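Input: a single structure, listed below in structure tokens.
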Amino acid sequence: MAAPRLSGRPDVVLLIVDCARAAGPGDGQPSAPSLVADSPSDFVQFPRAVTAATWSLPSHASIFTGLYPWNHGCHNLSALRLPPQVPTLATRLRAAGYATASFSSNSVLCPGTGLLQGFDYAAWGRWSENILRVGTTDPPHLRMRQNDLPPPPEKGPNFLAAGLASSLRHFPALGAGLSRLADRLGAGPGGRLPPVSSWIEPSVAGWLSSLPPDVPAFTAVNLMDLHEPYVPGDRHPGQGGPPPFFSWVPQDGRSYADRKERMAAEWVSELRALYSRQSAEAAHRVSALWHTLQRLRAGRPILFAVLSDHGQSLGEDGWYFHSHGQPRDELIRVPLAIHFPTRSMAEDARRHQQDWVSLVDLVPTIASVVGVDGFGPLDGTSLLGTPETTAERGVFSVGDGPIRRSSGRAARGAAGSELRAATCVSFVADTRVTVTGHEDGSIVLDRARVGSGSLPSYTSDGPLELATRQAASAVRSMLAAPAEPWSDEVSRRLTTWGYG
Ligand SMILES: [Zn+2]
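Residue numbers (the working numbering): 1077 to 1576.
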């Protein structure tokens, strides 16, 4: 393993582009633009990166802890909150002298979920900001220093705005009109719609400017530009092909997950065009944030990771968005690109570019770069390690639907009882193994080949057998999690997160 030789601890940035896919939608469609294509730097790309879960909350918990969902406990079949005793990247970096901040347009990064543990400073958005685009420099929610301010009440304007956004997912054309009106009434410049949560960039810049130059910074950012609902609007300068100015595509993920709503054929290409335009917008923002870091923290070494927490279904096999919770490839394969503080670290990491890697590898990688510890046993492994450490292990992803009733995760039986199921996908070599467990004890195993490589041998002690056994064990442990009835509080939160 390469020992870090740095003149001071590097800044660390996790830039999470919510819902970004590893590959573009559909056959014959151009690939989604690389999120770091506009950033003139030597990013190491990991084309076989896999997220640990299919929606924001368990996935962010895995990104921040280096643990799979069945080990950190923040998932759909257990509590929807990261337990406070689990060490996170922010808590460990803060203990090592880092200034820590989270700027998230996704409101699951709020005090109620435990994901803000260790952040000195946190700002988060409203779910309605995807639709109501207002050019503003101030975040709607702010918490400075640990526990200085209580979390804001979930009722009031935020709750109402979330409810409005939830309804507007059925009427995107109306949403676009309201968005223009809101922008005109607000501080926005008019014309082109402001990006989702336009307060992110000025807030990041303001915070970084306030830091003494010798204090290392850990900055986590979440951008929701690629999360539905997509508001039709003006064409991004870098994007070819006209996006629809008005869209009639209803974008309520839950309705499609339950298969209540059907997507008309002509809407699919429109939906993909909207997603594609948003990809260009996100790449533009990634580049701008990269340049802001370079300007405000000039001369400091930096680890800058660009990734997504999960992808998005855009009509593959009739699936849409990600509320369905199916561990499909367009959901669980994610972009991952990392700029390392030194050239030799980048060279070490490049040796893993053909391996399956997991977002749980981020914590051990950052820990080895920065030289912090205190995490306890981790599920991931450092991407600076020898190739043997990742070449033949399994990486796992859980199909964790955001709503317990969602199709495929748990369904209502004929007698009204709730059936529980859990699915875990593992990748090893060129094989994809899906293990689906049911509460009645049955387990369904499915093996499929990925890409054109040859199937690895399946021996009783081979890596494939090991990964399969681990996946089965994960499924059993998730099914064994106490099925706490969800409180009104959790149901209310799901609504404010747009999943209700
Ligand atoms: Zn997400």
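Glycine is no exception: its CB is placed at the ideal position from the N, C-alpha and C atoms.
Fair warning: this is a prediction, and the values are worked out from it, not measured in the lab.
Could you tell me if the beta carbon of residue i falls within a distance shorter than 7 Å of some heavy atom in ligand 1?
i, result
"D1094", "yes"
"H1151", "no"
"H1386", "yes"
"N1206", "no"
"S1553", "no"
"S1286", "no"
"N1182", "yes"
"S1473", "no"
"W1203", "no"
"S1132", "yes"
What does DSSP give as the partner residue(s) for residue i in the beta ladder?
i, result
"I1276", "According to DSSP, I1276 bridges with nothing at all."
"V1120", "I1414"
"T1510", "V1501, D1522"
"R1404", "Beta-bridge pairing links R1404 to no other residue."
"I1442", "I1442 is not bridged to any residue."
"F1380", "V1089, H1415"
"Y1396", "L1390"
"M1220", "Y1197"
"N1298", "I1092, S1180"
"V1471", "F1503"
"S1434", "V1126"
"A1293", "A1175"
"A1155", "C1150"
Would you call the CB atoms of residue i and residue j closer than 8 Å?
i, j, result
"P1215", "W1275", "yes"
"T1465", "W1203", "no"
"G1142", "P1440", "yes"
"D1094", "L1302", "yes"
"V1509", "A1557", "no"
"V1433", "A1125", "yes"
"S1180", "G1201", "yes"
"D1385", "T1127", "yes"
"V1445", "L1383", "no"
"L1169", "T1176", "yes"
"V1088", "I1414", "no"
"A1425", "S1110", "no"
"Q1327", "Y1351", "no"
"V1120", "F1472", "no"
"D1455", "Y1174", "no"
"D1476", "P1159", "no"
"L1091", "A1381", "yes"
"D1506", "G1527", "yes"
"S1518", "A1543", "no"
Using 10 angstroms around the beta-carbon of residue i, count the other beta-carbons present and answer buried if the total reaches 16, otherwise exposed.
i, result
"L1208", "buried"
"P1411", "buried"
"T1189", "buried"
"M1554", "buried"
"T1535", "exposed"
"H1398", "buried"
"G1317", "Caution is warranted here: a pLDDT of 47 is assigned to G1317, below 50, making its placement in the model unreliable, and the coordinate value is therefore given only provisionally. Per the 10 Å Cβ criterion, exposed."
"G1447", "exposed"
"R1404", "buried"
"D1540", "Just to set this straight, residue 1540 is Leu in the shown sequence, not Asp. Per the 10 Å Cβ criterion, buried."
"L1191", "buried"
"T1213", "exposed"
"T1167", "buried"
"P1086", "buried"
"G1329", "buried"
"P1305", "buried"
"M1220", "exposed"
"T1462", "exposed"
"P1288", "exposed"
"A1137", "buried"
"G1470", "buried"
"Q1402", "buried"
"E1342", "exposed"
"E1565", "exposed"
"S1458", "buried"
"P1271", "buried"
"G1375", "exposed"
"Q1354", "buried"
"G1084", "exposed"
"D1516", "exposed"
"R1409", "buried"
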